[in-house]
Amino acid sequence: MATLLVRGGRVIDPSQGIDRIDDVLVRDGLVVAVGHSGTQPVGRVDDTLDAAGLIVTPGLVDMHVHLREPGREEDETIETGTRAALAGGFTSVACIPNTEPPIDTQAAVEFIHQKAARADTCNVFVVACASKNREGKELAEIGQLVEAGAVAFSDDGAPVQDAELMRRVFEYCRMFDKPFLAHEEVLELTAGGVMHEGLVSLVLGLKGMPAAGEEVLIGRDIALAEATDGRLHVMHVSTAGGVALIRAAKARGSRVTAEACPHHFTLTDESLRGFDSNFKMSPPLRTAADVEAIIEGLVDGTIDCIATDHAPHALEKKMLELDRAPFGILGLETAVGLAVTRLVVPGRIDWSRLVEAMSMLPARILGINRGTLRPGAVADITLIDPEMFWRVDAKAFASKSVNTPFHGWTLQGRAVATIVGGRVKYRLRDPAVV
Amino acid sequence: MATAAFAQEVVPAVWPHRHLLDLERLTPAEILLLLDTSAQFKEATEGCRHKLGVLAGTTVVTLFFENSTRTRTSFSLAARRLGADVLDFSASGSSLSKGESFIDTARNLEAMGVNAVVVRHKTPGTPHLLSQHLSVGVINAGDGPHEHPTQGLLDIFSIRERLGDLNGVTVGLVGDIAHSRTARSNLWGLIKLGAKVIVCGPPTLVSERWRELGVEVSHDLDAIIPRCDVLNLLRIQFERQNTRPFPSVREYAHLYAMTRDRLRRAKKDLLILAPGPINRGVEVTAEVADCPQSLILDQVTNGLAVRMGVLWLTCGPRESLGNSGGRS
Chain A
474 MATLLVRGGR VIDPSQGIDR IDDVLVRDGL VVAVGHSGTQ PVGRVDDTLD AAGLIVTPGL
534 VDMHVHLREP GREEDETIET GTRAALAGGF TSVACIPNTE PPIDTQAAVE FIHQKAARAD
594 TCNVFVVACA SKNREGKELA EIGQLVEAGA VAFSDDGAPV QDAELMRRVF EYCRMFDKPF
654 LAHEEVLELT AGGVMHEGLV SLVLGLKGMP AAGEEVLIGR DIALAEATDG RLHVMHVSTA
714 GGVALIRAAK ARGSRVTAEA CPHHFTLTDE SLRGFDSNFK MSPPLRTAAD VEAIIEGLVD
774 GTIDCIATDH APHALEKKML ELDRAPFGIL GLETAVGLAV TRLVVPGRID WSRLVEAMSM
834 LPARILGINR GTLRPGAVAD ITLIDPEMFW RVDAKAFASK SVNTPFHGWT LQGRAVATIV
894 GGRVKYRLRD PAVV
Chain B
142 MATAAFAQEV VPAVWPHRHL LDLERLTPAE ILLLLDTSAQ FKEATEGCRH KLGVLAGTTV
202 VTLFFENSTR TRTSFSLAAR RLGADVLDFS ASGSSLSKGE SFIDTARNLE AMGVNAVVVR
262 HKTPGTPHLL SQHLSVGVIN AGDGPHEHPT QGLLDIFSIR ERLGDLNGVT VGLVGDIAHS
322 RTARSNLWGL IKLGAKVIVC GPPTLVSERW RELGVEVSHD LDAIIPRCDV LNLLRIQFER
382 QNTRPFPSVR EYAHLYAMTR DRLRRAKKDL LILAPGPINR GVEVTAEVAD CPQSLILDQV
442 TNGLAVRMGV LWLTCGPRES LGNSGGRS
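In order, the protein sequence lines correspond to chains A and B.
With the numbering used here applied, the first sequence corresponds to residues 474 to 907, in that order.
With the numbering used here applied, the second sequence corresponds to residues 142 to 469, in that order.
Structural data, given as structure tokens:
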């Protein structure tokens, strides 16, 4: 079958401790080796990608993506969402089960797999419901969902309020070694809230969502995970207090992991002063001190990985009063640019850590055989131009929706080619370079 | 008085805004301009009783997504006093109940040729969003707990009428600060004009964070009464609360109602304001509401003056103001 040579890029693969200018040879959809083609015979090469000046990484993995299908195809479909993933440099996404109907049956998991196969874009891994119908009352059929291919469990958006059920989920998932992905929010404390509770919400008269509403549930779930030896993965950590709780748990040796979203290390609640619903998400944008704590958490590894919480909403749904507009923003096509601009360029983390946070660790948390360029690994590869300055244009997105707060921003760093299973699935054409 | 002559007489130095959305972002000079213009209208209409034709040919729509009697009546009457046509549009019974978005509703009204939209909505920021989607002037008549700029202006107008300069005057805002747009608009206006502001109520309704704006925070009405020159008694907004912020109305009234006893411990010339509608017996007892220091009815009359001033500045004939290029 086909042979592909990615030549002369800066190959960064933290799973092998590699960071050097080199070639990556791919044959039949698998990585043959990272090695200099000038010094060893490569045989016949069908296709060559010149990666000079580019960064070559194991394919990026976004473990928190809302593809909206089935049920909300006006916002996004599996096809458009995975095309957005490719355009953002992601070769794998994990889709979250808050669809209509929710993904709580084998048939629903199978539907996602079939739709993803038909789209023939990036890999789609399924996160299934932890409770039936995401109601937080009874366990979903977790064993059968695992058999169908679910890689993790979550009731994201409908945080499990019942502590007893939460404990059962941790206990039960343990026999499959699957993580529970937790949206941490005490609903009584956030009811009616549209933004972070602080001075800005006070001045604007908007109902706030206090940081404690997130931290109380992180604290509870860490205690329950430790008591059951369960695997807790805290989604979209947004507060300094949450980072501190996770740091302390890791210091005790807990199996807790965590992710942060680009908007939470980039924007603050001050953004809400324009009342634009593109700044409304849950958890909400917090304060500058929280943003700094999230970045510190990413620097010291308290927060393992970066995930986008890509949450498309059709334009007419977002063009509403702030309390009626839904929570959430797009993430897939701006994640690399924001991470490079906010974290790498200012020297907060190096490229190796970025690749770890956007590829190796999310793959490891999900237990999927991705996030590495080891010989024999599936050839999912992302090529990033680290020097490219480009302007975010929501109208040019591959996503079906345009709800981004970053429209018009100039970012540095962009995926220019995305290779899935040895096939080039995306190449940046006509870049809006500035 | 003839329109042209009057216009020349009250021409403001500079009024650069097309909208009136909040007091937070106005300069002290702009607030004074609004107040002075309103005072001229009060005088020219002999206490808001007579009609001027200065806005003849202008159409003002009151677009109310939330119930109101007082504010809407006041805006309508102010517009009519200036000779404008007034269209009242209520959310109930309109296509809003059929699912139309508020932006579409407002655009439809704009397409009918109205010159200004006076909007009230339960959600903060809705007037701000409308102002981005409409080319006509938008006047905020109250957006949830955020701001109610004309209420803030009329309260300050009423204080100024009695005390003159606000510099150094101590004003206590008492009650449901958390849910009060009146509190926020008063607070910004008062701070900008040099007054000292104390917010007072239980911690469930009065956040410590107000201190970050240079405001004094108190939970003890009896402690602040002797220091206040003005008390503005805000209504408890039962309708905006998910959970009750105090155990009972009885206990609230015990701690925070302005009673005759408390009045005795105040400065002799303490002024009492209360933006209606008042809950007699909760924020203020009947005898205090009707006492000589109460400005409650002055506030209603001054509301007309302020709304005339605001309508004039936001949708008066720009060419006669000589700054038609300065719209923002």
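We treat Cβ as the ideally placed atom computed from N, Cα and C, and that holds for glycine.
Residue i and residue j closer than 8 Å at C-beta
| i | j | result |
| --- | --- | --- |
| A/GLY532 | A/VAL818 | no |
| A/CYS778 | A/MET536 | yes |
| A/VAL599 | A/ALA580 | no |
| B/ARG350 | A/LEU672 | yes |
| A/TRP824 | A/ILE485 | yes |
| A/GLU573 | A/ARG545 | yes |
| A/PRO835 | A/VAL534 | yes |
| B/THR455 | B/GLY278 | yes |
| A/LEU503 | A/VAL851 | yes |
| A/ALA557 | A/ALA871 | yes |
| A/LYS651 | A/VAL619 | yes |
| A/PHE653 | A/LEU705 | yes |
| B/ILE365 | B/GLY316 | no |
Length of the line joining the Cα atoms of residue i and residue j
| i | j | result |
| --- | --- | --- |
| B/MET142 | B/LEU223 | Caution applies to B/MET142, whose pLDDT of 43 falls short of 50 and renders its modelled position unreliable; the model cannot decide the point. |
| A/THR911 | A/ALA721 | No statement about residue 911 of chain A is possible, as the shown extent of chain A runs from 474 to 907 and does not include it. |
| A/THR730 | B/PRO265 | 37 Å |
| B/PRO458 | A/LEU793 | 32 Å |
| A/ARG728 | A/ALA808 | 26 Å |
| A/LYS898 | A/GLY526 | 20 Å |
| A/ARG541 | A/ASP742 | 27 Å |
| A/ASP520 | A/VAL667 | 51 Å |
| B/ASP402 | A/LEU677 | 36 Å |
| B/PHE205 | A/TYR645 | 53 Å |
| A/LEU612 | A/CYS568 | 20 Å |
| A/GLY481 | A/THR845 | 18 Å |
| A/ALA684 | B/LEU271 | 31 Å |
| B/VAL258 | B/SER242 | 16 Å |
| B/ASP363 | B/LEU328 | 21 Å |
| A/SER510 | A/ALA524 | 13 Å |
| A/ASN571 | A/PRO848 | 36 Å |
| B/ARG213 | A/PRO756 | 37 Å |
| A/THR855 | A/SER674 | 40 Å |
Beta-bridge pairing of residue i - partner residues as DSSP gives them
| i | result |
| --- | --- |
| B/CYS341 | B/VAL315 and B/SER359 |
| A/PHE862 | A/GLN885 |
| A/ARG500 | A/THR476 and A/LEU503 |
| A/GLU626 | The amino acid occupying residue 626 of chain A in the given sequence is Phe; Glu does not appear at that position. Bridge partners of A/PHE626: A/ALA601 and A/PHE653. |
| A/SER565 | A/VAL534 and A/ASN596 |
| B/LEU228 | B/VAL202 |
| A/ALA890 | A/LEU856 and A/ARG900 |
| A/GLY681 | A/MET668 |
| A/VAL484 | A/ARG493 and A/VAL529 |
| B/SER348 | For B/SER348, which the question treats as bridged, DSSP gives no partner whatsoever. |
| A/GLU732 | A/CYS778 |
| B/VAL478 | The structure shown does not extend to residue 478 of chain B, since chain B is modelled only from 142 through 469, so no value can be given for it. |
Local Cβ density within 10 Å of residue i, reported as buried at 16 or more and exposed below that
| i | result |
| --- | --- |
| B/ARG468 | Because B/ARG468 carries a pLDDT of 35, less than 50, the predicted location of this residue cannot be relied on, and the following value inherits that uncertainty. Looking at its Cβ environment, which holds fewer than 16 other Cβ atoms inside 10 Å, B/ARG468 is exposed. |
| A/THR712 | buried |
| B/GLN292 | buried |
| A/GLU657 | buried |
| B/ASP370 | buried |
| B/HIS269 | buried |
| A/GLN617 | exposed |
| B/ASP296 | buried |
| B/ALA145 | Residue placement at B/ALA145 cannot be trusted, given a pLDDT of 48 that sits under 50; what the coordinates show is reported in the next sentence. It is exposed - the Cβ of B/ALA145 has fewer than 16 other Cβ atoms within 10 Å. |
| A/ASP548 | buried |
| B/SER276 | exposed |
| B/VAL347 | buried |
Interface partners of residue i on chain D, CB under 8 Å
| i | result |
| --- | --- |
| B/ILE244 | Among the chains of the structure shown, chain D does not appear; the protein chains present are A and B. |
Q.
By the 9 Å beta-carbon criterion, what residues does the segment 772–800 of chain A contribute toward chain B?
A. GLU789, MET792, LEU793, GLU794, LEU795, ASP796 and ARG797
Q) For the segment 659–678 of chain A, which residues have a CB atom closer than 8 Å to at least one CB atom of chain B, in sequence order? A) Correct list: ALA664, GLY665, GLY671, LEU672, LEU675, VAL676, LEU677 and GLY678.
Q. Of the residues that make up the segment 728–754 of chain A, which ones have a beta carbon closer than 7 Å to any beta carbon in chain B?
A. PHE748
Q | Interfacial residues, the segment 274–288 of chain B to chain A, with Cβ spacing under 8 Å | A | ASP284, GLY285, PRO286, HIS287 and GLU288
Q) Got a sec: which bits of the segment 345–374 of chain B sit with their beta carbon under 8 Å from any beta carbon on chain A, in order along the chain? A) SER348, ARG350, TRP351, GLU353 and LEU354
Q.
Give me the subset of the segment 249–266 of chain B whose CB atoms are less than 9 Å from a CB atom of chain A, sorted by chain position.
A. HIS262, LYS263, THR264, PRO265 and GLY266
Q: For the segment 290–322 of chain B, enumerate the residues whose C-beta is nearer than 7 Å to any C-beta of chain A, in chain order.
A: ARG322
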